[in-house]
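Count the sequence shown with this note's numbering and you get residues 807 to 1076, in order. In this text, a Cβ means the ideal position worked out from N, Cα and C, and glycines have one as well. Here the structure is laid out as structure tokens; the discussion comes afterwards.
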Amino acid sequence: MVTNIAHRGARSIAPENTLMAGQRAIDTGADLWEVDVAVSGDERLILFHDPTLERTTNVRECFPDRSKDPFTTFTFDEIRMLDAGSWFVETDPFGQIRKGRLTEDDLNQCRAQKIPALEEILELTRDSGFAVNLELKDLPAPMEDFPLPSRVLSMAASLGMGPDQIIFSSFNHDWLREIRTTAPEFRIQALIGDPEDQPLDWGNEEFETYNARFSLIEDEKIKALNEKNIRVNLWTVNPEDEMKRFIAAGARGIITDFPQRLKRLLDKEG
């Protein structure tokens, strides 16, 4: 059975890496959601993807002299001042507003979104009986040496969450090795495929699961890895024909901005 993984939440119909995106992932019938774990300048764990706050917040309006600075130079209180949803309404990045897939109430909810603290999304996941893939992001200066894996593991323990609800992924494979050593009960998934103009680097195929950029992989490689009991999840797969292709090739999971689309496809093929 293919796992339906909502990329940064159901971000085709809600602002990415927000509580709304997580709830929409649940509502659409995804199996879990994938989010980007980062940290503020005062060491609060948050969800955020980009190096700076410009693309997905109104930082230019609130902090015009600092708008191009790394998010790691902002305190959590400063980050919480920002509007993290109006950009989605204004840009309609996946064309779903134009197609009438969001109601006016949905748009108002988008505009109310803030960058969440990690504990908020873990509580949503825990209390909904859902699951989450926590991508541990390499951090910009001055937080590049922050001990992200241990801090996230500590928070998970404090919230009573274990491997049934939390998976870890990262491009930083040393962090995954650290988790494998210190908390071997948790599943880890090695991200590969960045930069996109270089071949996929599988290393010595030491990990049980790889999350690979879909545009760089051949069907035969997926099948060969399956024969070695190595699982492959693919990101970020949005067209239905590509979903069908990779399901047929043996991908174990599809990471998509359109979990609602993948859900319909899987139900149809059911």
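Burial state of residue i, where buried means 16 or more other Cβ atoms lie within 10 Å
i     : result
K943  : buried
M807  : exposed
N914  : exposed
A1054 : exposed
G828  : buried
Q1004 : exposed
R904  : exposed
A947  : exposed
S934  : exposed
P1001 : exposed
T862  : buried
T809  : buried
G891  : buried
F907  : Note that residue 907 is Arg in the sequence shown, not Phe. It counts as exposed.
T1062 : buried
P782  : The structure shown does not extend to residue 782, since the chain is modelled only from 807 to 1076, so the question has no answer here.
Residue i and residue j closer than 7 Å at C-beta
i     : j     : result
F974  : I994  : yes
A816  : T834  : yes
M1049 : L1068 : yes
C916  : F894  : yes
A936  : I832  : A small correction: the amino acid at residue 936 is Phe; Ala does not occupy that position in the sequence shown. For F936 and I832, yes; Cβs fall inside 7 Å.
N1039 : F1064 : no
T1042 : H855  : no
I1036 : A1057 : no
L945  : T878  : yes
E984  : P953  : no
R872  : K920  : no
L1071 : E1046 : yes
L1006 : A1018 : yes
Residue i versus the options, residue with shortest Cα-Cα distance
i     : options                  : result
L853  : E822, V895, F977         : E822
L959  : F977, E950, P948, L982   : L982
N978  : L851, F882, I927, F1013  : F1013
G1009 : G968, D980, D1025, R830  : D980
L924  : A962, F952, E950         : A962
G847  : E867, R872, F882, C868   : F882
V778  : E1024, P870, R957, P990  : Only positions 807 to 1076 of the chain appear in the structure, and residue 778 is not among them; the question remains open.
D1073 : S818, L1006, A836        : A836
L928  : P969, T909, A996         : P969
M949  : Y1016, Q1066, S818, P857 : P857
D951  : E991, E849, D911         : E849
D898  : R1051, S818, D1025       : S818
S964  : E991, S976, R932         : R932
Q1066 : D1025, I1023, Q902, E896 : Q902
S976  : E1026, E1011, Y1016      : Y1016
First and last residue of the uninterrupted beta strand (DSSP E) at residue i
i     : result
G828  : Where G828 is concerned, there is no enclosing beta strand (DSSP E), although the alpha helix (DSSP H) it sits in stretches over 825-834.
N939  : 938-942
T809  : 809-813
R1086 : Residue 1086 cannot be examined here, being either before or after the span of the chain that is shown, 807 to 1076.
F974  : 972-976
R1058 : Taken as a continuous stretch (DSSP letters only), R1058 belongs to no beta strand (DSSP E), as it is neither H nor E.
W839  : 838-845
R993  : 993-998
Supposed contact pair residue j and residue i - C-beta distance, whole angstroms, cut 8 Å
i    : j     : result
L859 : L838  : With a Cβ gap of about 26 Å, L859 and L838 do not count as contacting.
L930 : V843  : That pair is no contact at about 14 Å.
E926 : L851  : That pair is no contact at about 10 Å.
V841 : V938  : 6 Å
F992 : F1020 : Not confirmed; about 25 Å, so no contact.
Residue span of the alpha helix (DSSP H) that contains residue i, given as start and end
i     : result
F1013 : It is not in any alpha helix (DSSP H) - F1013 carries neither H nor E in the DSSP assignment.
A962  : 954-964
W981  : 979-988
R1070 : 1065-1075
L888  : From DSSP, L888 is part of no alpha helix (DSSP H); its letter is neither H nor E.
A1030 : 1025-1033
R917  : 910-917
I927  : 924-934
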